[in-house]
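Okay, so the first sequence: first residue is -2 according to my numbering, each after it adds one. Notes follow the structure.
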Amino acid sequence: MSKYYVTTSIPYVNADPHIGFAMELLYADVLARAARQRGDDVIFSTGTDEHGGKIAEKAAELKLTPKAYSDQISAKFAELTEELNISNDRFIRTTDKGHEQRAQVVWKALKKDIYKGKYTGWYCTGEETFFTETEVKANNGVCPYHERPYEQIEEENYFFKLSAYGPKIQAAIESGEFEIVPETRRNEILAVIKKGLDDISVSRPKDKISWGIPVPGDSKQVMYVWFEALLNYITVLGYPEYKDFKEFWPASAQVIGKDIIRFHAAIWPAILLGLGLPLPKQLYVHGFITVEGKKISKSLGNVIAPKEIIDKYGVDAFRYFFLRHIPSYEDGDFSWERLTAAYNNELANELGNAVSRTAAMITKYQNGLIGDIPEAEHDVAQYEEALAACRFDRALDEVWEQTRGLNQYIDEEKPWELAKAKDDDHLREVLAYQAGALLQIAELLVPFLPDTAAKIQGVFKEGIVRPLDGTLFPKEDADK
RNA sequence: CGCGGGGUGGAGCAGCGGCAGCUCGCGUGGCUCAUAACCACGAGGUCGCAGGUUCGAGUCCUGCCCCCGCAACCA
């Protein structure tokens, strides 16, 4: 049995979950469910990233300890996986003791690539953070919020020898050993790597940021949160000694958003190479979602909680919209209008109605007896190709192609006329074909719309129609 | 000269050298098994602008315009 390990990125707990991360969970979930359907042994992991200065600040504002604050937000992400019917096997938090301990083990194992150095940067004492060269220039050297000049200060940090690994990472990407999809993202990161990677600081002084994992052997430093967060992908498997790690690493697929590609396609592979570990087989980079054409932002007030959509349309409608109507390789737009259109036309009218008209005819003409259901015969090559390339939108296009084909078939064969003409044999054949087509459609939907797939299978699988309680995708309820 | 993505009928997209295509929406017709659902046909595009290459260009090249992201210590 092959092993399949898939991860999402772990979101930072400085804000409530929004639809962008919900989509990422869906992508990974489809990969996981498809692998299970193939018979693979699967581990699917997600979780939350909880250390760092921002979390400490946020917690302080709310008069909570960082841990208590993280507990609250992390719980919301865990809830989100329930709401979305995500089939993750693990949910790691970077504040888990196991992660903290194993992160320190990694640090020690990377010792040869870590050195102490000085970080020099522009600092605003009002803001207590560093700013980039470009930002400083853009503000003419004066912090706009505190109206005082940026100071150039030095800070002692540990650095990781990222610069040493560029060529190896490049080779792995170019050979396909470490596959990055889509190709534009692959090209993008290759360009960055070819320019040369600088070493990165991987720790901060503890007196500046205390909410982090201590650096082994140096009580004055904590690990830079991003460095440590990346390690979750192996600590969750029990790096270095636990059997899951030995069996499931390297990851089959890692799903991330386009904003963090550098971390996952440059820094992370360098860490792995430093540890002498193989790189993930596939890195799938998705785009961003806008709402009504605008970037999601709190100041615009257009943040939509996934639950809001799920409560109104149901979890499979949510899954359907984001998997099919947000382009898998690009940015996409959510709007209530587009969601409603997809729900009514595609889910209710095309698929839902195909199920109910088929079930109704079998019940009416044959007392629910389906008879021998022929093996599905539709070519699924395109579907499988799309799935392998993480083109979830295209894969669903294929399924709807079949659904439309079924509706055409029904109109051509006109079973109601066969019934009137008492052409029982032909009628039986046609209706059994319809049931078979729907069972195949259900099979293809398993990774995408698990509940819907199960419902359709429930109706036809037994050879006798077992009518649904109500309908798939009821339309009136959608408007409440 | 920072980097990248994109501009194709009302909307969302595909096509990336050989008669401009798909879904939704719109119009007309058909059907009645079905969630007023389904099926067929039709209207609608100077493929961002301007040059060039070619027998032939959304499709290749050059320049320009417009939109959207990202710009290394912020996790």
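We treat Cβ as the ideally placed atom computed from N, Cα and C, and that holds for glycine. It should be emphasised that the depicted structure is a prediction, and the values quoted were computed from it without experimental measurement.
Roughly how many angstroms separate the alpha carbons of residue i and residue j, rounded to a whole number?
{"i": "residue 311", "j": "residue 347", "result": "17 Å"}
{"i": "residue 1", "j": "residue 234", "result": "12 Å"}
{"i": "residue 154", "j": "residue 168", "result": "30 Å"}
{"i": "residue 435", "j": "residue 405", "result": "13 Å"}
{"i": "residue 369", "j": "residue 458", "result": "11 Å"}
{"i": "residue -1", "j": "residue 225", "result": "29 Å"}
{"i": "residue 274", "j": "residue 80", "result": "35 Å"}
{"i": "residue 119", "j": "residue 203", "result": "19 Å"}
{"i": "residue 27", "j": "residue 18", "result": "14 Å"}
{"i": "residue 240", "j": "residue 268", "result": "21 Å"}
{"i": "residue 231", "j": "residue 450", "result": "33 Å"}
{"i": "residue 174", "j": "residue 162", "result": "15 Å"}
{"i": "residue 463", "j": "residue 454", "result": "10 Å"}
{"i": "residue 102", "j": "residue 377", "result": "46 Å"}
{"i": "residue 94", "j": "residue 390", "result": "39 Å"}
Given residue i, which residues of its chain have a CB within under 6 Å of its CB, disregarding the five upstream and five downstream residues?
{"i": "residue 25", "result": "3, 5, 252"}
{"i": "residue 326", "result": "179"}
{"i": "residue 474", "result": "With a pLDDT of only 47 at residue 474, under 50, the local geometry of the prediction cannot be trusted, and the value read off the model is given with reservation. Within the same chain, residue 474 has no close Cβ partners at all."}
{"i": "residue 266", "result": "166, 276"}
{"i": "residue 78", "result": "85"}
{"i": "residue 399", "result": "375, 438"}
{"i": "residue 83", "result": "22, 26"}
Who are the near neighbours of residue i in its chain, counting only those whose CB is closer than 8 Å to its CB and skipping five residues on each side?
{"i": "residue 11", "result": "51, 52, 55, 70"}
{"i": "residue 67", "result": "10, 45, 47, 52, 56, 90, 92"}
{"i": "residue 104", "result": "111, 212, 213, 220"}
{"i": "residue 461", "result": "365, 366, 367"}
Decide if residue i is buried, meaning its Cβ has at least 16 other Cβ atoms within 10 Å, or exposed.
{"i": "residue 35", "result": "exposed"}
{"i": "residue 150", "result": "exposed"}
{"i": "residue 431", "result": "buried"}
{"i": "residue 471", "result": "exposed"}
{"i": "residue 62", "result": "exposed"}
{"i": "residue 343", "result": "buried"}
{"i": "residue 371", "result": "exposed"}
{"i": "residue 355", "result": "buried"}
{"i": "residue 164", "result": "exposed"}
{"i": "residue 181", "result": "exposed"}
{"i": "residue 21", "result": "buried"}
{"i": "residue 334", "result": "exposed"}
{"i": "residue 357", "result": "exposed"}
Out of the options, state which residue places its alpha-carbon closest to the alpha-carbon of residue i.
{"i": "residue 29", "options": "14, 466, 208, 447", "result": "447"}
{"i": "residue 100", "options": "77, 420, 48, 278", "result": "48"}
{"i": "residue 299", "options": "8, 15, 7", "result": "15"}
{"i": "residue 427", "options": "403, 72, 279, 441", "result": "403"}
{"i": "residue 423", "options": "359, 455, 441", "result": "359"}
{"i": "residue 375", "options": "351, 397, 388, 357", "result": "397"}
{"i": "residue 176", "options": "305, 159, 387", "result": "387"}
{"i": "residue 384", "options": "320, 170, 208", "result": "320"}
{"i": "residue 152", "options": "194, 159, 206", "result": "206"}
Using 7 Å as the cut-off, classify the Cβ of residue i as near or not near the heavy atoms of the ligand SAM, replying yes or no.
{"i": "residue 372", "result": "No copy of the ligand SAM appears in this structure; indeed no ligand is present at all."}
Give me, in chain order, the residues of the same chain whose beta-carbon lies closer than 7 Å to that of residue i; leave out the 5 immediate sequence neighbours on both sides.
{"i": "residue 59", "result": "66"}
{"i": "residue 210", "result": "48, 97, 100, 101, 219, 220, 225"}
(request) Decide yes or no for the touch test of the stretch 316 to 335 against the stretch 277 to 294: beta carbon pairs closer than 8 Å, at least 3 of them. (result) yes
(message) For the stretch 179 to 194 against the stretch 252 to 266, do three or more pairs of beta-carbon atoms, one drawn from each stretch, fall closer than 8 Å, so that the two count as touching?
(response) yes
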